[in-house]
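Letter 194 of the sequence shown, counting from 1, is numbered 208 in the numbering used here, and no numbers are missing.
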Amino acid sequence: MRILLAEDDQSQADSIQTWLEMDGYVIDRVERGDHVILAIEQHQYDCILLDRGLPNATGDEILKSLRSQQQDTPVIFITAKDSIDDRVEGLDLGANDYLVKPFSLEELSARVRAQLRQKQQTPNHILQWQDLSLDTQAKTLTKEGQAVNLTAKEFQILYKLMQQPEHIVTREQLEESLYAWGDEIESNAIEVFIYQLRKKIGSQMIKTIRGLGYRMHKAEV
């Protein structure tokens, strides 16, 4: 899961990023409103944590723009504006949740999980491919009804492939789903994860399309 963190307080942003990465999320981080707009244009996010008081473009302006474009990505306002009027205004602008600073990181995690659960209720959160069943809420995989243990990155790669199993997913798309901006990526990282997945779910389940990427493959019975 990929989250955009838009916060201009560097110390607080450091704490939030470290905490959420421990929960297994990929975090992209920006400090200016105009950079939020660029990030949203270039990437698809599962949730956005948005400070209302960003420079160059406020959180309010960004959220208005998002909702006017019919974008339904969950947005949680993180802000020092704590009056009832402020909260009502923020929610009326289209925020899915409103978290007042200072807040506990445990509460932030719970609110993020709640938004992701709500988003995943439609469409069905169970992805099926032959004898594989991927539960995107519980983050579990079963094969022929038996649990298969996956690492967080293995799960994310399989999730990306099973979203549209007949379509080719490029190496770059897989890397983008796993790593935040500026992360150092080993040249063979994707190949290693694919190799590990094949050992767990069957060597024929993931097909390499030379020069293009990977897609799910109907294994012969």
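Where a beta carbon is used, it is the ideal one built from N, C-alpha and C, also for glycine.
The beta strand (DSSP E) that contains residue i, what's its start and end?
| i | result |
| --- | --- |
| Ile262 | Outside the displayed span of the chain (15 to 235) sits residue 262, for which this structure offers no information. |
| Val183 | Per DSSP, Val183 belongs to no beta strand (DSSP E) and is neither H nor E. |
| Gly227 | 227-230 |
| Gln209 | The sequence given here places Tyr at residue 209; Gln does not occur at that position. Unbroken run through Tyr209 is the alpha helix (DSSP H), 203-215; no beta strand (DSSP E). |
Measuring alpha carbon to alpha carbon, tell me which residue in the options is nearest residue i.
| i | options | result |
| --- | --- | --- |
| Gly159 | Ile76, Val102, Ser123, Ser147 | Ser147 |
| Ala27 | Trp143, Val40, Val44 | Val44 |
| Arg16 | Glu190, Thr222, His181 | Glu190 |
| Tyr209 | Ile41, Ala194, Lys167 | Lys167 |
| Asp111 | Tyr39, Glu75, Lys133, Gln129 | Gln129 |
| Asp37 | Glu121, Ile215, Gln84, Glu205 | Glu121 |
| His1 | Arg212, Ser82, Leu188 | Residue 1 lies beyond the residue range present for the chain, which begins at 15 and ends at 235; the question has no answer from this structure. |
| Ala203 | Arg212, Arg185, Gly216, Ile215 | Arg185 |
| Ser82 | Asn70, Ala109, Tyr193 | Ala109 |
| Gln177 | Lys95, Ser97, His139, Leu211 | His139 |
| Asp106 | Ile90, Asp42, Glu200 | Ile90 |
| Thr87 | Glu55, Leu68, Phe169 | Glu55 |
| His49 | Asp60, Gln31, Pro69 | Pro69 |
| Lys221 | Lys213, His231, Glu103 | His231 |
Is residue i buried or exposed, if buried means 16 or more other CB atoms sit within 10 Å of its CB?
| i | result |
| --- | --- |
| Gln142 | exposed |
| Thr93 | buried |
| Glu35 | exposed |
| Thr136 | For Thr136, the pLDDT reaches just 49, beneath the cut-off of 50, and the residue's location in the model is therefore unreliable, leaving the point undetermined. |
| His181 | exposed |
Following the continuous alpha helix (DSSP H) through residue i, name the residue where it begins and the one where it ends.
| i | result |
| --- | --- |
| Gly73 | 73-82 |
| Asp99 | 98-107 |
Hey, residue i and residue j are a contact pair by Cβ (cut 8 Å); roughly how many whole angstroms apart?
| i | j | result |
| --- | --- | --- |
| Val162 | Tyr228 | Actually they are not in contact, since the Cβ atoms of Val162 and Tyr228 sit about 18 Å apart, beyond 8 Å. |
| Arg131 | Gln151 | 6 Å |
Exercise. Mind pulling the beta strand (DSSP E) runs of 3 or more residues that sit fully within the stretch 135-167?
Worked result: Secondary structure remark: continuous beta strand (DSSP E) runs of at least 3 residues inside the stretch 135-167, in chain order: 140-143, 146-149, 154-157, 160-162.
For this session: Report the residue ranges of all beta strand (DSSP E) runs contained in full by the stretch 47-72; include only those spanning at least 3 residues, in chain order.
Result: Segments of the beta strand (DSSP E) lying fully in the stretch 47-72: 61-65.
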